[in-house]
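Student: So that we are looking at the same thing, I have put the structure below in structure tokens.
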Amino acid sequence: MPAFLDLTNAPDADVVTLAQQGREDAFRELVRRYERPVFTLIFRMVRDTATAEDLSQDAFIKVLNNIDKYRPEFKFSSWLFKIANNIAIDFLRRRQLNTISIDGSPHAATAAEAEASAFDIDAGGENALDAMAAKELGSAIERAIGALRPEYRACIMLRHVEGRSYEEIAATLDLPLGTVKTYIHRARSQLREALEHLRE
Amino acid sequence: MQHRHLLPDEIDQLLDGESGVDVAPLLAHLEACPDCAQKLADARLVCESIEQLQHFAPSPRFTASVMAQVQVVEPWHVALTNTAHRLVPASRRVRAVMFASGSLLAIGLSAGVVWLLTRPDMALYAAGLAAGRARRVLLDATGTVITDAFGQPALDALRSGSVSRVALGGALVLTAVGLATVSLRAAATSARRARE
Chain E
0 MPAFLDLTNA PDADVVTLAQ QGREDAFREL VRRYERPVFT LIFRMVRDTA
50 TAEDLSQDAF IKVLNNIDKY RPEFKFSSWL FKIANNIAID FLRRRQLNTI
100 SIDGSPHAAT AAEAEASAFD IDAGGENALD AMAAKELGSA IERAIGALRP
150 EYRACIMLRH VEGRSYEEIA ATLDLPLGTV KTYIHRARSQ LREALEHLRE
Chain U
0 MQHRHLLPDE IDQLLDGESG VDVAPLLAHL EACPDCAQKL ADARLVCESI
50 EQLQHFAPSP RFTASVMAQV QVVEPWHVAL TNTAHRLVPA SRRVRAVMFA
100 SGSLLAIGLS AGVVWLLTRP DMALYAAGLA AGRARRVLLD ATGTVITDAF
150 GQPALDALRS GSVSRVALGG ALVLTAVGLA TVSLRAAATS ARRARE
């Protein structure tokens, strides 16, 4: 592996090899390449900027501190997304935020409870990122995605935002191929139903 | 052409851009069925809406925060190779001089070894002489430590013992130190994993 390799244009496998050899610039390059996709995936799962940033950091730290255990037969990005998704799912389970619909918890017994558990997407918009996020989250499609089960959401994001194949998603999420197809099919159906009113 | 409406799975097949003989009748049905064509169009719209969702960026300090908690470790073999690369002179002339000097040294050493092999009595005598001197130097240097650790009788035994016994004793001590190091390392590793 030449020491003068242009990291920006190098394939992931080469950058990972350099990182395994203790090249700090290779670590930075991996973060630069994947900070947005990983942050976006986690943000759409947990729907909170600060939490998404913390969890994204955890994902990168876990991956980069174990870079020597990376197996080249697996795509680096799949490995990274797998850990990011697991961290987000663990967080949601821990905090029982499987009810992260921005319209409020479906377990709420009264309208007041639902309102209390709803995400106030306009609150706390201190910077441009929050403002942009709030605007995005306000769109119908974001609302519909937010109402999906986290497993469906992860599948549909990897399929349509990251452009992954069904096989890659199955490997990334440790799910059988048939389950991935089912999840994506159900997610699409739920999204179609949720957006139906826009066409009327 | 099939005479029933498309099933949800079949709409998914078309959405995923699958091709082949299975898909041809589905496409033929679409041309004749406005309902199914509309369903597919609606599904495509949803997928396109998702695909157009933008990526969000973390804060500008994200990379620095991550790197502050990442341990960048250079493996020993890479460090060794890099050190060797650094030791090789950049100038071609200096490299040639170094190569010539190394070759001469290697030829001289080889000649010495061959001479010793042709004179085994001389080789044994020289080896015994060198071993005896090395033992004296070693015991003079480490006498205090050996006395403190194992007592005066141990030092006397080393002084009077044969070279093979001294070598055996040294090997035992080194083995004990090695085992202790490995055990401590294993304990530290398991403690770190437990913390993680």
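Quick mapping for you: the protein sequence lines, in order, are chains E and U. Quick note: the first sequence uses numbering that gives the first Met the number 0, first residue 0, plus one each step. Quick note: the second sequence uses numbering that gives the first Met the number 0, first residue 0, plus one each step. Virtual Cβ for every residue (Gly too), placed ideally from N, Cα, C.
1. Could you check the C-alpha separation between residue 60(U) and residue 164(E) for me, to the nearest Å?
2. Alpha carbon to alpha carbon, how far is residue 185(U) from residue 175(U)? Give it in angstroms, no decimals.
3. Which ranges would you report for the beta strand (DSSP E) in the segment 82 to 132 of chain U if only whole runs of at least 3 residues count?
4. Could you tell me which chain E residues have their CB closer than 9 Å to the CB of residue 41(U), listed as they occur along the chain?
5. Excluding sequence positions up to five away, which residues of its chain have a Cβ less than 7 Å from the Cβ of residue 67(E)?
6. Give the range of the alpha helix (DSSP H) segment to which residue 58(U) is assigned.
7. For residue 9(E), name the three-state secondary structure that DSSP assigns.
8. Would residue 50(U) pass as a contact of residue 159(E) if the rule is Cβ separation under 8 Å?
9. Which first and last residues belong to the alpha helix (DSSP H) in which residue 79(E) is found?
10. Have a look at residue 74(E) and residue 53(E) and give me their C-alpha separation to the nearest angstrom.
11. Could you name the residues of chain U that residue 63(E) contacts, counting a contact when the two beta carbons are closer than 8 Å?
12. With burial defined as no fewer than 16 other Cβ atoms inside 10 Å of the residue's Cβ, what is the status of residue 89(U): buried or exposed?
13. Shorter than 8 Å from the beta carbon of residue 149(U) to some beta carbon of chain E?
14. Please list the partners that residue 188(E) has in chain B, where partner means a Cβ-to-Cβ separation under 7 Å.
15. Along chain E, in chain order, which residues have C-beta atoms closer than 8 Å to that of residue 46(U)?
16. Just mark residue 56(E) as buried or exposed, buried being the case when its beta carbon has 16 or more other beta carbons within 10 Å.
17. For a test of the three-state rule: what should DSSP assign to residue 177(U), helix, strand or coil?
18. Check whether chain U comes within 8 Å of residue 90(E), counting only Cβ atoms and requiring the distance to be less than that.
19. The alpha helix (DSSP H) that contains residue 200(E), what's its start and end?
20. What do you get for residue 177(U), buried or exposed, if any count of 16 or more other CB atoms within 10 angstroms of its CB means buried?
21. Starting from residue 7(U), trace the alpha helix (DSSP H) both ways and give me its first and last residue.
22. Report buried or exposed for residue 183(E), applying the criterion of at least 16 other Cβ atoms within 10 angstroms of its Cβ.
23. Counting only runs of 3+ residues fully inside the segment 12 to 37 of chain E, write out the beta strand (DSSP E) ranges in chain order.
24. Name the chain E residues that come within less than 9 Å of residue 11(U), Cβ to Cβ?
25. Please report the Cβ distance between residue 206(U) and residue 191(E), rounded to the nearest whole angstrom; I am assuming they are in contact, meaning their Cβ atoms lie under 8 Å.
26. If you compare alpha carbons, which of 151(E), 84(E), 48(E) and 25(E) is closest to residue 63(E)?
27. Looking at chain U, is there any beta carbon in it that lies within less than 8 Å of the beta carbon of residue 26(E)?
28. Leaving out the 5 sequence neighbours to the left and right, which residues in its chain are closer than 7 Å to residue 105(U) when beta-carbon positions are compared?
29. So what's residue 189(E) in DSSP terms, helix, strand or just coil?
30. Do you know how far the Cα of residue 21(E) is from the Cα of residue 15(E)?
31. When you compare the CB of residue 146(U) with every CB in chain E, is at least one pair closer than 8 Å?
32. Pick helix, strand or coil for residue 123(E), following the three-state DSSP scheme.
33. Between residue 31(E) and chain U, is the shortest Cβ-Cβ distance under 8 Å, so that the two count as touching?
34. Could you give the C-beta distance for residue 171(E) and residue 81(E), rounded to a whole number, given that I count them as a contact under 8 Å?
35. For residue 12(E), I'd like the list of residues in its chain whose CB is within less than 8 Å of its CB, leaving aside the five on either flank, ordered along the chain.
Tutor: Quick look at the numbers:
1. Locating residue 60(U) in the second sequence gives position 61, counting from the first residue. Locating residue 164(E) in the first sequence gives position 165, counting from the first residue. Residue 60(U) and residue 164(E): Cα-Cα distance of roughly 32 Å.
2. Working through the second sequence from its first residue, we reach residue 175(U) at position 176. Working through the second sequence from its first residue, we reach residue 185(U) at position 186. Going from the Cα of residue 175(U) to the Cα of residue 185(U) covers about 15 Å.
3. none
4. One-based indexing of the second sequence puts residue 41(U) at position 42. Correct list: 191, 194, 195 and 198.
5. Your numbering for residue 67(E) matches position 68 in the first sequence. Taken in chain order, the residues that qualify are 19.
6. Along the second sequence, read from residue 1 onward, the residue named residue 58(U) stands at position 59. Where residue 58(U) is concerned, there is no enclosing alpha helix (DSSP H), given that its DSSP letter is neither H nor E.
7. Counting from 1 along the first sequence, the entry for residue 9(E) is found at position 10. It is coil, neither helix nor strand.
8. In the second sequence, the residue the question calls residue 50(U) occupies position 51. In the first sequence, the residue the question calls residue 159(E) occupies position 160. Cβ distance < 8 Å, so residue 50(U) and residue 159(E) count as in contact.
9. Within the first sequence, the letter at position 80 stands for residue 79(E). Residue 79(E) -> alpha helix (DSSP H) spans 75 to 93.
10. Here residue 74(E) refers to the residue found at position 75 of the first sequence. Here residue 53(E) refers to the residue found at position 54 of the first sequence. When rounded, the distance between both Cα atoms is 24 Å.
11. Locating residue 63(E) in the first sequence gives position 64, counting from the first residue. By Cβ distance, chain U contributes 65 and 69.
12. Taking the first residue of the second sequence as 1, we reach residue 89(U) at position 90. Label assigned to residue 89(U): exposed.
13. As a working note, residue 149(U) is residue 150 in the second sequence. Taking Cβ atoms only, chain E never reaches closer than 8 Å to residue 149(U), which makes this a no.
14. The structure shown contains no chain B; its protein chains are E and U.
15. Against the second sequence, residue 46(U) aligns to sequence position 47. Here the neighbours are 159 and 187.
16. Taking the first sequence and counting its residues from 1, one reaches residue 56(E) at position 57. Burial call: buried.
17. Counting from one through the second sequence, the residue named residue 177(U) turns up at place 178. In this structure, residue 177(U) counts as helix in the three-state DSSP scheme.
18. By one-based count along the first sequence, residue 90(E) stands at place 91. Output row for residue 90(E): interface = no.
19. Because chain E spans 0 through 199 in this model, residue 200(E) falls outside it and cannot be assessed.
20. The residue given as residue 177(U) occupies position 178 in the second sequence. Classification for residue 177(U): exposed.
21. On the second sequence, residue 7(U) is found 8 positions in, with the first residue counted as 1. Unbroken alpha helix (DSSP H) run through residue 7(U): 7 to 14.
22. Residue mapping note: residue 183(E) aligns to position 184 of the first sequence, counting from 1. Buried: at least 16 other Cβ atoms inside 10 Å.
23. none
24. Counted from its first residue, the second sequence places residue 11(U) at position 12. By Cβ distance, chain E contributes 180, 183, 184 and 187.
25. With chain U covering only 0 through 195, there is no way to say anything about residue 206(U).
26. If you number the first sequence from 1, residue 63(E) lands on position 64. With distances taken between Cα atoms, residue 63(E) lies closest to 25(E).
27. Residue 26(E) sits at position 27 when you count from the first residue of the first sequence. With 8 Å as the cut-off, residue 26(E) counts as an interface residue toward chain U.
28. To locate residue 105(U), count along the second sequence from 1; it is residue 106. Nothing meets the Cβ criterion.
29. Here residue 189(E) refers to the residue found at position 190 when the first sequence is read from its first residue. Correct three-state label for residue 189(E): helix.
30. One-based indexing of the first sequence puts residue 15(E) at position 16. One-based indexing of the first sequence puts residue 21(E) at position 22. Approximately 10 Å, taken between the alpha carbons.
31. Translated into the one-based positions of the second sequence, residue 146(U) becomes position 147. Not one chain E Cβ lies under 8 Å of residue 146(U).
32. To locate residue 123(E), count along the first sequence from 1; it is residue 124. Note that residue 123(E) scores 39 on pLDDT, short of 50, meaning its location in the model is unreliable; the coordinates nonetheless yield the value given after this. In this structure, residue 123(E) counts as coil in the three-state DSSP scheme.
33. Reading the first sequence from its first residue, position 32 is the one you call residue 31(E). Yes, contact with chain U.
34. Counted from its first residue, the first sequence places residue 171(E) at position 172. Counted from its first residue, the first sequence places residue 81(E) at position 82. Yes, residue 171(E) and residue 81(E) are in contact; Cβ-Cβ is about 5 Å, under 8 Å.
35. Position 13 of the first sequence, counted from the first residue, corresponds to residue 12(E). So the qualifying residues of the chain are 71 and 75.
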